[in-house]
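Residue 0 is where the sequence shown starts when you use numbering that gives the first Met the number 0, and the numbers rise one by one after that.
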Amino acid sequence: MDYDSLEKKFEQYTSSIIDTCHNEHKIAMEFKKIHSQKVAEIAFNISQYIFQFPEHKDYARICGLFHDVSRFVQLREYGTFIDSKSFDHGDMSAKIVGENKWLESLPEADLKAILHAIKYHNKLEIPQVEDELTMHLSQIIRDADKIESMISIAEYYSDNDAEKSSAIEMSLPDNEDVSPEVLESLRNFKMVDYSTIKTLNDFKLLKISWVFDINYPISYAFLLDSKCLEKMFSTIKNPSEELSQLVAMAIGYAEANASL
0 MDYDSLEKKF EQYTSSIIDT CHNEHKIAME FKKIHSQKVA EIAFNISQYI
50 FQFPEHKDYA RICGLFHDVS RFVQLREYGT FIDSKSFDHG DMSAKIVGEN
100 KWLESLPEAD LKAILHAIKY HNKLEIPQVE DELTMHLSQI IRDADKIESM
150 ISIAEYYSDN DAEKSSAIEM SLPDNEDVSP EVLESLRNFK MVDYSTIKTL
200 NDFKLLKISW VFDINYPISY AFLLDSKCLE KMFSTIKNPS EELSQLVAMA
250 IGYAEANASL
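Below you can see the structure in the form of C-alpha coordinates.
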(Lines of atoms letter the chains of each structure in order from A; the text may use other names.)
(Lines give C-alpha, C1' and ligand atoms only; values in the text may rest on other atoms or scores of the structure.)
Protein backbone atom coordinates (compact mmCIF):
# COMPACT_ATOMS: atom_id res chain seq x y z
CA MET A 0 0.00 0.00 0.00
CA ASP A 1 1.30 3.43 -0.97
CA TYR A 2 1.75 5.46 2.22
CA ASP A 3 1.99 8.73 0.29
CA SER A 4 -1.51 8.21 -1.08
CA LEU A 5 -2.81 7.62 2.44
CA GLU A 6 -1.17 10.84 3.60
CA LYS A 7 -3.01 12.67 0.83
CA LYS A 8 -6.31 11.14 1.95
CA PHE A 9 -5.55 12.16 5.53
CA GLU A 10 -4.70 15.68 4.37
CA GLN A 11 -7.88 15.97 2.31
CA TYR A 12 -10.09 14.65 5.09
CA THR A 13 -8.66 16.80 7.86
CA SER A 14 -8.42 19.96 5.74
CA SER A 15 -12.08 19.64 4.75
CA ILE A 16 -13.01 19.78 8.44
CA ILE A 17 -10.51 22.43 9.50
CA ASP A 18 -11.68 24.73 6.70
CA THR A 19 -15.26 24.61 8.02
CA CYS A 20 -14.60 24.98 11.75
CA HIS A 21 -14.58 28.04 13.99
CA ASN A 22 -11.31 29.98 14.05
CA GLU A 23 -11.01 29.38 17.80
CA HIS A 24 -10.58 25.65 17.12
CA LYS A 25 -8.13 25.83 14.22
CA ILE A 26 -5.04 26.06 16.45
CA ALA A 27 -6.02 22.87 18.26
CA MET A 28 -6.88 21.08 15.02
CA GLU A 29 -3.56 21.98 13.41
CA PHE A 30 -1.87 20.79 16.62
CA LYS A 31 -3.65 17.42 16.31
CA LYS A 32 -2.83 17.18 12.63
CA ILE A 33 0.88 17.63 13.27
CA HIS A 34 0.61 15.26 16.24
CA SER A 35 -0.82 12.51 14.02
CA GLN A 36 1.92 12.91 11.43
CA LYS A 37 4.63 12.79 14.09
CA VAL A 38 3.06 9.78 15.83
CA ALA A 39 3.15 8.00 12.47
CA GLU A 40 6.89 8.56 12.19
CA ILE A 41 7.61 7.58 15.79
CA ALA A 42 5.54 4.40 15.35
CA PHE A 43 7.49 3.62 12.18
CA ASN A 44 10.79 4.16 14.02
CA ILE A 45 9.76 1.88 16.89
CA SER A 46 8.59 -0.77 14.43
CA GLN A 47 12.12 -1.05 12.99
CA TYR A 48 13.09 -2.81 16.23
CA ILE A 49 9.96 -4.99 16.44
CA PHE A 50 8.94 -6.16 12.97
CA GLN A 51 10.84 -8.07 10.30
CA PHE A 52 8.52 -7.50 7.34
CA PRO A 53 8.42 -4.05 5.67
CA GLU A 54 4.63 -4.11 5.28
CA HIS A 55 4.19 -4.51 9.03
CA LYS A 56 6.38 -1.46 9.59
CA ASP A 57 4.14 0.43 7.20
CA TYR A 58 1.10 -0.75 9.18
CA ALA A 59 2.58 0.82 12.31
CA ARG A 60 2.94 4.12 10.48
CA ILE A 61 -0.63 3.85 9.17
CA CYS A 62 -1.92 3.30 12.72
CA GLY A 63 -0.11 6.44 13.78
CA LEU A 64 -1.49 8.53 10.96
CA PHE A 65 -5.12 7.58 11.55
CA HIS A 66 -5.26 6.91 15.31
CA ASP A 67 -6.73 10.36 16.08
CA VAL A 68 -8.59 11.00 12.84
CA SER A 69 -11.88 11.43 14.73
CA ARG A 70 -10.47 14.31 16.79
CA PHE A 71 -11.31 16.81 14.06
CA VAL A 72 -15.01 15.96 13.97
CA GLN A 73 -14.98 15.75 17.76
CA LEU A 74 -13.78 19.32 18.18
CA ARG A 75 -15.97 20.71 15.40
CA GLU A 76 -19.15 19.06 16.69
CA TYR A 77 -18.60 19.16 20.45
CA GLY A 78 -15.97 21.87 20.99
CA THR A 79 -13.83 19.58 23.14
CA PHE A 80 -11.26 16.78 23.06
CA ILE A 81 -12.73 15.29 26.24
CA ASP A 82 -14.20 11.89 25.34
CA SER A 83 -16.61 11.82 28.29
CA LYS A 84 -18.25 14.96 26.92
CA SER A 85 -18.41 13.73 23.31
CA PHE A 86 -17.46 10.23 22.13
CA ASP A 87 -14.69 7.67 22.51
CA HIS A 88 -12.18 8.91 19.96
CA GLY A 89 -10.46 5.53 19.59
CA ASP A 90 -13.71 3.82 18.69
CA MET A 91 -14.71 6.63 16.36
CA SER A 92 -11.33 6.81 14.61
CA ALA A 93 -11.49 3.08 13.79
CA LYS A 94 -15.04 3.57 12.53
CA ILE A 95 -14.06 6.50 10.28
CA VAL A 96 -11.14 4.56 8.76
CA GLY A 97 -13.40 1.59 8.10
CA GLU A 98 -16.29 3.57 6.65
CA ASN A 99 -14.05 5.56 4.31
CA LYS A 100 -12.46 2.33 3.03
CA TRP A 101 -9.02 3.92 2.97
CA LEU A 102 -7.41 0.52 3.67
CA GLU A 103 -9.75 -1.74 1.71
CA SER A 104 -6.92 -3.13 -0.44
CA LEU A 105 -5.27 -4.79 2.58
CA PRO A 106 -5.78 -8.44 3.52
CA GLU A 107 -8.75 -8.73 5.87
CA ALA A 108 -6.70 -10.03 8.80
CA ASP A 109 -4.22 -7.16 8.50
CA LEU A 110 -7.02 -4.59 8.25
CA LYS A 111 -8.58 -6.00 11.42
CA ALA A 112 -5.24 -5.75 13.22
CA ILE A 113 -4.86 -2.07 12.25
CA LEU A 114 -8.44 -1.18 13.22
CA HIS A 115 -8.02 -3.01 16.53
CA ALA A 116 -4.86 -1.02 17.31
CA ILE A 117 -6.57 2.27 16.46
CA LYS A 118 -9.70 1.40 18.45
CA TYR A 119 -7.82 0.50 21.62
CA HIS A 120 -4.98 3.03 21.49
CA ASN A 121 -6.70 5.27 24.05
CA LYS A 122 -8.09 2.65 26.42
CA LEU A 123 -6.78 2.24 29.95
CA GLU A 124 -5.75 -1.30 29.02
CA ILE A 125 -5.66 -3.24 25.77
CA PRO A 126 -7.32 -6.67 25.61
CA GLN A 127 -5.08 -9.70 25.37
CA VAL A 128 -4.90 -11.14 21.86
CA GLU A 129 -3.08 -14.16 20.46
CA ASP A 130 -2.24 -12.62 17.10
CA GLU A 131 1.28 -11.14 17.27
CA LEU A 132 0.70 -8.51 14.60
CA THR A 133 -2.37 -7.17 16.40
CA MET A 134 -0.59 -7.18 19.75
CA HIS A 135 2.51 -5.36 18.51
CA LEU A 136 0.58 -2.78 16.49
CA SER A 137 -1.55 -2.05 19.56
CA GLN A 138 1.51 -1.62 21.76
CA ILE A 139 3.53 0.37 19.22
CA ILE A 140 0.79 2.91 18.58
CA ARG A 141 0.21 3.41 22.31
CA ASP A 142 3.92 4.03 22.86
CA ALA A 143 4.24 6.36 19.88
CA ASP A 144 1.13 8.32 20.85
CA LYS A 145 2.33 8.80 24.42
CA ILE A 146 5.87 9.75 23.38
CA GLU A 147 4.76 12.35 20.85
CA SER A 148 2.13 13.77 23.17
CA MET A 149 4.67 14.18 25.97
CA ILE A 150 7.13 15.85 23.61
CA SER A 151 4.63 18.20 21.98
CA ILE A 152 2.88 19.20 25.23
CA ALA A 153 6.25 19.87 26.90
CA GLU A 154 7.23 22.10 23.97
CA TYR A 155 3.81 23.78 23.97
CA TYR A 156 4.13 24.86 27.60
CA SER A 157 7.84 25.70 27.34
CA ASP A 158 7.17 28.18 24.53
CA ASN A 159 5.84 31.29 26.24
CA ASP A 160 5.10 32.86 22.86
CA ALA A 161 2.98 29.96 21.61
CA GLU A 162 -0.67 30.78 21.00
CA LYS A 163 -2.69 28.81 23.53
CA SER A 164 -5.85 26.78 23.00
CA SER A 165 -8.50 25.99 25.62
CA ALA A 166 -9.22 22.71 23.82
CA ILE A 167 -5.62 21.55 24.24
CA GLU A 168 -5.55 22.72 27.86
CA MET A 169 -8.99 21.22 28.55
CA SER A 170 -10.06 24.57 30.06
CA LEU A 171 -8.20 23.69 33.28
CA PRO A 172 -7.17 26.41 35.76
CA ASP A 173 -3.51 27.41 35.65
CA ASN A 174 -2.51 27.54 39.31
CA GLU A 175 -0.04 25.88 41.69
CA ASP A 176 -2.38 23.15 42.92
CA VAL A 177 -1.71 19.43 42.51
CA SER A 178 -4.55 17.05 43.33
CA PRO A 179 -3.95 14.40 46.03
CA GLU A 180 -5.11 11.63 43.67
CA VAL A 181 -2.43 12.65 41.16
CA LEU A 182 0.30 12.50 43.79
CA GLU A 183 -0.95 9.10 44.97
CA SER A 184 -0.75 7.70 41.44
CA LEU A 185 2.84 8.89 41.08
CA ARG A 186 3.75 7.41 44.47
CA ASN A 187 2.44 4.04 43.29
CA PHE A 188 4.08 4.17 39.83
CA LYS A 189 0.67 4.29 38.16
CA MET A 190 -0.79 6.34 35.35
CA VAL A 191 -2.85 9.29 36.51
CA ASP A 192 -6.55 8.85 35.74
CA TYR A 193 -8.04 11.60 33.56
CA SER A 194 -11.04 11.80 35.89
CA THR A 195 -8.82 13.01 38.76
CA ILE A 196 -7.16 15.98 37.08
CA LYS A 197 -8.35 19.43 38.13
CA THR A 198 -5.51 21.80 37.16
CA LEU A 199 -2.92 22.30 34.44
CA ASN A 200 -0.29 20.99 36.86
CA ASP A 201 -2.34 17.78 37.13
CA PHE A 202 -2.56 17.59 33.34
CA LYS A 203 1.22 17.90 32.94
CA LEU A 204 1.80 15.26 35.63
CA LEU A 205 -0.66 12.97 33.89
CA LYS A 206 1.55 13.16 30.81
CA ILE A 207 4.65 12.40 32.89
CA SER A 208 2.87 9.42 34.49
CA TRP A 209 2.61 7.79 31.08
CA VAL A 210 6.15 6.49 31.60
CA PHE A 211 4.49 3.74 33.64
CA ASP A 212 2.65 2.39 30.58
CA ILE A 213 5.32 2.10 27.88
CA ASN A 214 5.81 -1.31 26.26
CA TYR A 215 9.26 -1.45 24.66
CA PRO A 216 12.78 -0.55 25.85
CA ILE A 217 13.41 1.27 22.55
CA SER A 218 10.35 3.42 23.25
CA TYR A 219 11.84 4.42 26.60
CA ALA A 220 15.11 5.23 24.83
CA PHE A 221 13.35 7.52 22.34
CA LEU A 222 11.47 9.19 25.20
CA LEU A 223 14.59 9.83 27.26
CA ASP A 224 16.49 11.18 24.25
CA SER A 225 13.84 13.87 23.84
CA LYS A 226 14.35 15.20 27.42
CA CYS A 227 10.62 15.95 27.41
CA LEU A 228 10.07 14.69 30.96
CA GLU A 229 12.52 17.20 32.37
CA LYS A 230 11.14 19.93 30.12
CA MET A 231 7.56 19.16 31.18
CA PHE A 232 8.46 19.25 34.85
CA SER A 233 10.21 22.61 34.42
CA THR A 234 6.85 24.15 33.43
CA ILE A 235 5.04 23.03 36.61
CA LYS A 236 4.33 25.93 38.92
CA ASN A 237 6.02 25.91 42.33
CA PRO A 238 6.55 22.14 42.71
CA SER A 239 6.94 20.74 46.22
CA GLU A 240 10.00 18.79 47.30
CA GLU A 241 7.96 15.59 47.29
CA LEU A 242 6.72 16.25 43.76
CA SER A 243 10.29 16.85 42.59
CA GLN A 244 11.27 13.50 44.08
CA LEU A 245 8.30 11.72 42.51
CA VAL A 246 9.12 13.05 39.04
CA ALA A 247 12.77 12.07 39.54
CA MET A 248 11.53 8.56 40.38
CA ALA A 249 9.45 8.51 37.19
CA ILE A 250 12.49 9.48 35.13
CA GLY A 251 14.52 6.81 36.92
CA TYR A 252 11.82 4.28 36.06
CA ALA A 253 12.15 5.20 32.39
CA GLU A 254 15.95 4.93 32.53
CA ALA A 255 15.79 1.48 34.14
CA ASN A 256 13.35 0.19 31.53
CA ALA A 257 15.31 1.65 28.62
CA SER A 258 18.27 -0.55 29.53
CA LEU A 259 16.35 -3.85 29.65
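Every residue, glycine too, gets a C-beta built ideally from N, C-alpha and C.
Nothing here was measured: the structure is a model prediction, and the numbers come from that model.
Candidates the options: closest to residue i by CA position
i	options	result
Ile81	Asp224, Gly251 and Ile167	Ile167
Arg70	Ile49, Glu54, Glu98 and Phe30	Phe30
His24	Ala253, Ser165, Ser194 and Val246	Ser165
Met28	Gln73, Leu132, Leu223 and Glu54	Gln73
Gln36	Asp130, Asp3 and His55	Asp3
Trp101	Asp1, Pro216 and Val210	Asp1
Ile146	Val38, Ser92 and Leu123	Val38
Leu132	Lys122, Ala93 and Lys56	Lys56
His135	Tyr58, Met248, His88 and Met231	Tyr58
Ser46	Ile217, Val246 and Ser14	Ile217
Thr195	Lys206, Glu180, Trp209 and Ser15	Glu180
Val246	Tyr193, Leu182 and Ile213	Leu182
Leu5	Ile61, Ile26, Ile17 and Ile33	Ile61
Buried/exposed call for residue i, threshold 16 Cβ in 10 Å
i	result
Thr19	exposed
His66	buried
Gln127	exposed
His21	exposed
Gly63	buried
Leu259	exposed
Lys236	exposed
Tyr48	exposed
Lys203	buried
Phe52	exposed
Ala116	buried
Leu123	exposed
Lys267	Outside the shown range of the chain, which is 0 to 259, sits residue 267, and nothing can be said about it.
Met89	Sequence inspection shows Gly at residue 89; the Met mentioned does not correspond to that position. Answer is buried; the Cβ neighbour count reaches 16.
Ile41	buried
Lys7	exposed
Ala255	exposed
Whole-number beta carbon distance between residue j and residue i, since they are thought to touch under 8 Å
i	j	result
Val177	Asp201	6 Å
Ala220	Ala249	About 16 Å; that fails the 8 Å criterion.
| said: Using a Cβ distance threshold of 8 Å, determine whether the segment 104 to 111 contacts the segment 181 to 198, with at least three qualifying pairs required. | reply: no
| said: Report the start-end ranges of each alpha helix (DSSP H) in the segment 166 to 202 that is 4 residues or longer and not cut off at the edges. | reply: 179 to 186
| query | With contact counted as at least three CB pairs below 8 Å, one residue from each stretch, are the segment 215 to 232 and the segment 152 to 159 in contact? | reply | yes
| query | Which runs of the alpha helix (DSSP H) spanning at least 4 residues fall entirely within the segment 43 to 124, listed in chain order? | reply | Counting whole runs of 4 or more residues, the segment 43 to 124 contains the alpha helix (DSSP H) stretches 53 to 65, 70 to 77, 88 to 99 and 107 to 119.
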